[in-house]
Amino acid sequence: MRCEEIALLLPEAVDANRPVALPVQRHIESCLRCQAELARYRRMLRSLQLLRTQFLEPAPGLLASTLAAIEEASERRAIQSVLTGRRLAYAGAIGGALAAAGATAAAVLVHRARRRAAIAH
Amino acid sequence: MAEHDTTGGRDDLAELVDAAQDGDRAAFDELVRRTYVDTYTLAFRLTSHEEDARDVVQEAYLRAWKAIGRFRGDAQFTTWLYRITANAAYTHVQKRRRQRTVPLDDVHDPAETRLDTSPEIVADSTAGLEELAVALDRLPDTLRQIIVLKDVYGLPHETIAHETGISVAAAKVRLHRARKRLRDLLYDGIDPGRSEHAV
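Residue numbers (our numbering), protein chains in the order written: chain A, 1 to 121; chain B, 1001 to 1199.
Here you go:
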């Protein structure tokens, strides 16, 4: 294998848990140029991992504005929840009223029908 | 850059998460207080833009508050939050791309894109971290997101693929390209593919 071919494989080969094909391994073992290149990738990866321990300080106000946004969202959710509850209550009340009106209308109709039948007899 | 302790109090975080899942807003606010620097750091590394990072942090915590009841606890809270932040950053960057146009004057000539650092200084020690951060900033959004999530934060390919809306295979290809591009920026000081499109 040539160094140029190996160079294309190194970004993946640098992963410690990734098995490297035997010809690639043999080439690297015998090639100082590719060893140096692999070492660069390893250093780069170590530095990237170190970056995880470096924290960036946000500008003042981020915490306050984030908490305020959550507060606002919570209030909205609470209002929606109340409205949903009220809608259900209204729907229930309307349904109940309609049922009652229907029952009353049915009772009136039955009563009238009986009266008509009694008069006819 | 600053050192910041996020390792202490994992048990405390778990207690706060439990309380927040029961609807305790004060507990969730405390979770925000303890994690927002970490979340901001990730958001900034993903977006390379302070204002965008702030928007992503807010969006991430709003999503977390809405979804805290569904957090199962099979991963750490911080890992769960990283996923949400990654997804919020992805959505934000997509939106930003649609809204912002780059003036022609701002398009870099690949030949002129060089880092003002010598290869010997870079990455030999933690002293190279600033240069590494600068090089990361120079990567296209799609490549930077992958390398930050995988090589800095250690998220698995499957998670990255899910949160950034690509396949696992595409995530692997992007990581390969990102490492190669970052290596070129750090050690050769050039950005050979600035005008290329990521997968």
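Note that CB positions come from ideal geometry on N, CA and C, so glycine has one too.
| query | result |
| --- | --- |
| Unbroken alpha helix (DSSP H) run spanning E1130 (chain B), endpoints | L1129 to R1138 |
| Among B:R1054, B:R1183 and B:T1085, the one whose alpha carbon lies nearest that of E57 (chain A) | B:R1054 |
| Buried versus exposed, by CB contacts within 10 Å (16 or more), T956 (chain B) | Nothing can be reported for residue 956 (chain B): it is not among the residues displayed for chain B, which extend from 1001 to 1199. |
| Contact with chain B by E5 (chain A), beta-carbon distance below 8 angstroms | no |
| Where the alpha helix (DSSP H) through Q1076 (chain B) begins and ends | It is not in any alpha helix (DSSP H) - Q1076 (chain B) carries neither H nor E in the DSSP assignment. |
| Interface flag, L109 (chain A) vs chain B, CB-CB below 8 angstroms | no |
| Alpha helix (DSSP H) segment containing R1025 (chain B), residue limits | R1025 to T1047 |
| Beta carbon proximity, S74 (chain A) to chain B, threshold 8 angstroms | yes |
| Range of the contiguous alpha helix (DSSP H) that encloses G102 (chain A) | L62 to A120 |
| Unbroken alpha helix (DSSP H) run spanning L10 (chain A), endpoints | C3 to A13 |
| Check whether E1050 (chain B) and F1044 (chain B) have beta carbons under 8 angstroms apart | yes |
| Listed by chain order, chain B residues near S65 (chain A) by CB distance under 8 angstroms | R1054 and Q1058 |
| As assigned by DSSP and simplified to three states, the class of D1188 (chain B) | helix |
| Chain B within 8 angstroms of L38 (chain A), Cβ atoms only | no |
| Local Cβ density within 10 Å of E1015 (chain B), reported as buried at 16 or more and exposed below that | exposed |
| Validate contact between the region 33–40 of chain A and the region 1024–1036 of chain B using beta carbons, cut 8 angstroms, 3 pairs | no |
| Anticipated Cβ contact below 8 angstroms, R1183 (chain B) with L1046 (chain B), distance rounded | The Cβ separation is near 20 angstroms, so there is no contact. |
| Beta-carbon proximity of P23 (chain A) to M1 (chain A), cut-off 8 angstroms | yes |
| Residue-level contact to chain A via CB, W1080 (chain B), 8 angstroms cutoff | no |
| Chain B residues whose Cβ lies nearer than 7 angstroms to that of S47 (chain A) | A1123, G1128, L1129 and L1132 |
| Chain B contact for E29 (chain A) (CB, 8 angstroms cutoff) | no |
| Host alpha helix (DSSP H) of I1068 (chain B) (start-end) | Where I1068 (chain B) is concerned, there is no enclosing alpha helix (DSSP H), given that its DSSP letter is neither H nor E. |
| Cβ of Q1 (chain A) within 8 angstroms of any chain B Cβ | Strictly speaking, residue 1 (chain A) in this sequence is Met, with Gln absent from that position. By this cut-off, M1 (chain A) is not an interface position. |
| Per-residue contacts from R1025 (chain B) into chain A (C-beta, under 7 angstroms) | S74 |
| Other residues of its chain near V1168 (chain B): CB distance less than 7 angstroms, five sequence neighbours each side excluded | H1157, E1158 and A1161 |
| Interface residues of chain A facing V1037 (chain B) [CB-CB closer than 8 angstroms] | F55, L56, E57 and P58 |
| Within-8 angstroms CB hit, L1186 (chain B) to chain A | yes |
| Residue from B:K1066, B:A1088 and B:K1180 whose Cα sits closest to the Cα of I70 (chain A) | B:K1066 |
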